[in-house]
Structure formats: structure tokens, C-alpha cells
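Novice: Here my numbering runs 405 ahead of the position in the sequence shown, where the first position is 1.
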Amino acid sequence: MRSTSLPHLVIIGLAGLAAQSALRGQGAFETPNKFYASASWQFVSIDTEARLVRRGALGASVGINFEDTFDIPVQKQAWAVDGSWRMAPRHLLDVGYMAINRIGDRTITRDISWGDYTFAANAKVRATFDTTFPYLGYRYGFYEGGDLEMSVGGGISYLHIGMGLSATGTVTNAVTGAVTTSAGKSGSFDLPVPLLAFQIDGRISKDWFMSGYLRPFFISTGDFRGGMNVLGITANWFPSQHYGIGLGVERTLIDIQRVRSGDYEARFRYNISGLKASALFRF
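1. Within the same chain, show all residues whose beta-carbon is closer than 6 Å to that of I508, passing over the 5 residues directly before and after it, in chain order.
2. Thinking just about the alpha-carbon of each residue, which of V500, R495 and K529 is nearest to the one in M555?
3. So, are the CB atoms of D521 and V580 less than 8 Å apart?
4. Output the boundary residues of the beta strand (DSSP E) element that contains D452.
5. Are there 16 or more other CB atoms within 10 angstroms of the CB of A526, so buried, or fewer, so exposed?
6. Assign I505 to one of two classes, buried (16 or more other C-beta atoms within 10 Å of its C-beta) or exposed (fewer than that).
7. Since S450 and V479 are thought to touch, with beta carbons under 8 Å apart, how far apart are those beta carbons, to the nearest angstrom?
8. Going by C-alpha to C-alpha distance, which of H647, G607, V664 and F538 sits closest to Y441?
9. Determine the contact status of R544 and D499, defining contact as a CB-CB distance below 8 Å.
10. Check whether the region 605-624 touches the region 570-580, counting contact only when three or more Cβ pairs, one atom from each stretch, lie closer than 8 Å.
11. Quick one, are the C-beta atoms of V530 and S562 less than 8 Å apart?
12. Kindly identify the DSSP beta-bridge partner or partners of I677.
13. According to DSSP, S571 sits in a beta bridge with which residue or residues?
14. DSSP state of F383, grouped into three classes?
15. Between the beta-carbon of D476 and the beta-carbon of R511, is there less than 8 Å?
16. Let me know the secondary structure DSSP gives F711 once reduced to three states.
17. What does DSSP give as the partner residue(s) for F629 in the beta ladder?
18. Tell me the start and end of each unbroken beta strand (DSSP E) in the region 477-525 that is at least 3 residues and wholly inside, in chain order.
19. Does DSSP classify Q646 as helix, strand or coil?
20. Determine the DSSP secondary structure at V580, reduced to helix, strand or coil.
21. Helix, strand or coil for G551? Go by DSSP, reduced to three states.
22. In the DSSP output, what is F622 paired with across the bridge?
23. Can you tell which of I605, S683, L596 and T474 has the C-alpha that lies nearest to the C-alpha of G567?
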């Protein structure tokens, strides 16, 4: 599902949701629920490009596509949880968590530089790429009318990204020039990424609701330059007052152009797109 059309579909869905709900008047949010939670199963398509070098050499390095180079699965199942607490009629606290961990093995056909090492062609390389996405945010409902609620706010996603390569074969240490038959290097980065937040919630029939959300941000400092963008839309069916099911699409794009940790500097672009099915709870 490596497609650039998903963001456009979400934006069109948000516009349609706003228009549909604004034309109706069933009073869906006159007595909103205090707690809302979902447990989601996601089937996602992932595209990962990364590089790891000594500080100051990032511009001259070549990015590595993990899926193509190391046979890391493009398709992946993942679980996520999220929820909202309406602290007051227009004030909401959001939480969420998702983790995706992947591993792949392949005999490489070209030399690859990673950290202090160069792995020669025909070496057998194991690649790992692990991520967690906790989120905490606040939203203010600036518009409530009929079947429509719009809210804005912000939050923080404390990203953890761990990536590493280990190999058996001919491995050269680029710093010392030593040649060995096995070596590896991993990098771990914990990034507090602040996010803006915009969300639309609407009712489209008696038991059907839709939600759309957008969480973007970009920041540039001495040791960090990059951003993150999360957007999605879901259709939710509540056959009972407290329980329902949902189906939607979501895309998370992480584009870190520079991040430094110790003696090392990394660059990675991480694109996660796919479907999600959710069990919903509201009280």
C-alpha cells in the first residue's frame, strides 16, 4: 500500500464529514460520553529508509531501504490502543500507544556502510527496526452543534526508534581499518515529538459516527531536524449504548532528516499506512 493517495482520501473524507454533519441536527453531542476507548488491530504497509554514520558524515551517506535490502516484511500486523477523557464539556485528554517491531535476514549483493562498519557483498546481514508510539494530548472543542464537534489542541509523542544491522562475512571497521568475520551496530533514539492536533467527530445516522484527525509537526534544532504527521478517518457503528466497532484508514509519516546521539548521526524516513479495525467502548 505504498501510495500517496491515502492523505487525499482522508482529507476528502474530513470535508465530507463536516458537510454531512453540519447539515443535520440530531443533537449527537448534547450529552457527550465522558470516556471513549478503542483497541485496534491494524494491517499496515511499511516503507523504511535509514542511515547511521559518525557525526558530520550524514550528508555523504546513502540511505538503505530496509524492506528491499534485508527482506524485512512490507506488510505487518500491529495492535494499538487509544482513548479520550472528557474532563469538562469542551476539554478532552487523549492517550494512545502502538508498537511495531520487525526483523529480516538476507545475504546482501552489494557493500553496505552502517555506523563504523562496511559489510561486504555476500555477507549475511540481520536487520532490526523497532518502534513504539506513545501519545498524550489535549484538545479543546471549539465548535459543537447538532451532529458535529470540532476540536483543536496539541500533545507529544515520545517516539522510540531502535535500528541495527549485524553481519557474518567480511566486515571492515571504517575507523580502524580492521577486518573481521562478524560485527554489528545498533542505534537507539528516543525523540519527544510535539504534535498539533485537529479532530472532527460527527454523526451520520442513528447508530453511525465518523471521526477524522490530523496531527502534524516539524521542528529544527542543533541536534534534530524533522517532523511527524499522523492522519486518519474511521467509521464507527454503535449497536448498543456502550459498545461498538470501527473501520478506518490511517497513515503515520515520520521524516527525521537529522538526529544526533553520542558520536552518531542518523536519518530515517518511516511511512506506515493501512487499515484498522477497532473494538470501541464509551461510557
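For every residue, glycine included, the Cβ atom is placed at its ideal position computed from N, Cα and C.
Specialist: Straight from the coordinates:
1. Result list for I508: T533, in chain order.
2. Comparing alpha-carbon positions, the option among V500, R495 and K529 lying closest to M555 turns out to be R495.
3. Cβ distance < 8 Å, so D521 and V580 count as in contact.
4. DSSP places D452 in the uninterrupted beta strand (DSSP E) bounded by F440 to R459.
5. With fewer than 16 Cβ atoms within 10 Å of its Cβ, A526 is classed as exposed.
6. Buried, because 16 or more other Cβ atoms sit within 10 Å of the Cβ of I505.
7. Between S450 and V479 the beta-carbon gap is near 6 Å, inside 8 Å, which marks them as a contact.
8. The closest CA to that of Y441, considering only H647, G607, V664 and F538, is found on H647.
9. Yes. Within cutoff.
10. Touching, no, given that fewer than three Cβ pairs across the two stretches are closer than 8 Å.
11. Taking 8 Å as the cut-off, the beta carbon of V530 is found no closer than this to the beta carbon of S562.
12. Beta-bridge pairing links I677 to I451 and T657.
13. In the DSSP output, where bridge partners are listed per residue, S571 has R531 and G589.
14. An answer regarding residue 383 cannot be provided, because it is not within the stretch 406 to 688 covered by the chain.
15. For D476 and R511, yes; Cβs fall inside 8 Å.
16. As displayed, the chain neither begins before 406 nor continues past 688, which places residue 711 out of reach and without an answer.
17. DSSP lists V664 as the bridge partner or partners of F629.
18. 480-493, 496-512, 517-519 and 522-524, all fully within the region 477-525.
19. Looking at Q646 - three-state DSSP - the assignment turns out to be coil, as it is neither helix nor strand.
20. In the three-state scheme derived from DSSP, where H, G and I count as helix and E and B as strand, V580 is classed as coil.
21. In the structure shown, G551 sits in coil (DSSP, three-state: anything other than H, G, I, E or B).
22. According to DSSP, residue pairing for F622 in a beta bridge involves M633.
23. Closest by alpha carbon: L596.
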